[in-house]
Each structure stands twice: as structure tokens, then as C-alpha cells.
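In the numbering used here, the protein residues as written are 83 to 343.
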């Protein structure tokens, strides 16, 4: 994470001026202070995007996300603003890109096809399926399967603001935010979601688990992970795509089970 020279949170007066008194000058001060955070998130997100994606466009989306984060952040809860804002900024960037339809429909269809295949095969075999089994199910060669994974690698960047299913309003972030309300049904659902996700991660191959851990927990870039694992960046991208598609399939099964009477 970037280092701030002097955080406004070290002087709560700035946040108080904005939240309690509504001073626009205080809000502007916060925006200007945290603009480097936008550039940090832009740099990480661009690693997995096509070269034709405009950095300026992504930055614009990110600034809107930063403004939204400043407007909604509750400084009195004692949370770290940088972490909260990073989620909002990244989500705003991805939402903006998707509204611009930057990924061809054919690529999204391939991603959905592979995701469904992982879901069906792993539910049938109750284990991690191999590339050869996937290729046979899809009626393509393993080389063609690897090429498909490379094509759809740009679609596997997840936003916490994305819906769990396209036709539903519930987002991934809604399962993580603590609203200080002890809802038994939500607690049970969250428990089974975490359990399903843990089981799904266990079913990943060793290399896929390593990539997921380094990317999402250690916050390494794909090129940095490639150096750590002594593999090519394209191979790391493939492993990341396969892991995300497997996890999506597992979460889809979890959602379907909850809906069954």
C-alpha cells in the first residue's frame, strides 16, 4: 500500500469539518490528499487489462470512487480509510469499464462456458478436474483450452460491488460489511458461504492456491508472482483465471443449494 506523508486521520479535525460541518473545503482537502491512492489502484488494475484500455478513463472512474468513499466513510468507527477506499475505487473502475463494454461478448461467453463446465464436472466428480477432462467436456484440444483461458484472463478481475449473480442485487460486499445487526439468517448464510469458499479453495491445485494467495492476500502483481514462482506471466494469468472460474462455480452451487426447498 502507498505511504501517505501525513494522514488526515491523524488530525480528525479535517473529517469533523467535512462530516459534521459539511465544509466543502475540507472535502476537497481529503480528495487531494488521497488522489495518490487512486493512481496506486490504477497501476495494479492495469496489469491485467488490455493495452487499449485508457489509463485516463480508469483514473476518472477511480476519482469518482474516491469521492464516493469520502462521502460514505464513517471516521468515527475507527476503520482504516485507505482499505475501505481501495475497495470503492477498484469497484468504480471495474464498473466503469464494464459499462463501456471493453470485453467482447464472445470472450464473456467463453468465460461463462468454462465456469459452467467447472461447476458441472466438479459437482459430478466431487474433486478438482484436470485440463484434459475440461477439454474433453468442451470438445476442444488442451491447447485450445489454454488459449481460451488466456483470452478470458481479463474478465476474471472481481469487484466487491459486483452482484453474486447477474440477475440479483446482492453483492459480494454485502456479505462482508458489518452493519452491527445480528440477523440469524444472514449469519447462517455467511457461515455456509465461508465454509463453501474454504472447501473450494482446498480443491484448487497447489499452484492455483499459491497464485490466489499471492495476488489477493500478499497483493503481488501477476508479473511479481511470475518471478516468485519461476513461471511466465501468461501462465500465471491462466492459473489465476482457472482458480477464479472454479471458485465462481463453487459459489454458484452454494447459492443454488440455498434456494432449494
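The beta-carbon is built from N, C-alpha and C at its ideal position, and this holds for glycine as well. Keep in mind the model is a prediction, meaning the values are calculated, not measured.
Between the alpha carbons of residue 110 and residue 176 lies a gap of roughly 24 Å. Rounded to the nearest angstrom, the Cβ distance from residue 99 to residue 231 is 50 Å, too far for a contact under 8 Å.
If you compare the alpha carbons of 217, 282, 218 and 167 with that of residue 205, the shortest gap goes to 282. Nearest in C-alpha terms to residue 330, of all of 197, 116, 292 and 107, is 197. About 13 Å separates the Cβ atoms of residue 235 and residue 305, ruling out a contact at the 8 Å cut-off. For residue 199, same chain residues with a beta-carbon under 7 Å away, outside a window of 5 residues either side, are 216, 219 and 220 in chain order. Residue range 187 to 207 is occupied by the alpha helix (DSSP H) that includes residue 204. Here the alpha carbon of residue 194 sits roughly 46 Å from the alpha carbon of residue 104.
Rounded to whole angstroms, the Cβ separation of residue 311 and residue 292 is 7 Å, and the two are in contact under 8 Å. In the DSSP assignment, residue 140 falls within the unbroken alpha helix (DSSP H) covering 137 to 154. Between residue 303 and residue 129, the gap from beta carbon to beta carbon is short of 7 Å. Here residue 325 is not near residue 318, since their CB atoms are 7 Å or more apart. Exclusion of the five residues before and after residue 227 leaves 213, 216, 217 and 220 as the residues of its chain whose Cβ lies within less than 7 Å of its Cβ. Nearest to residue 120 by alpha-carbon distance, out of 143, 208, 327 and 108, is 143. Residue 136 places its beta carbon 7 Å or farther from that of residue 124.
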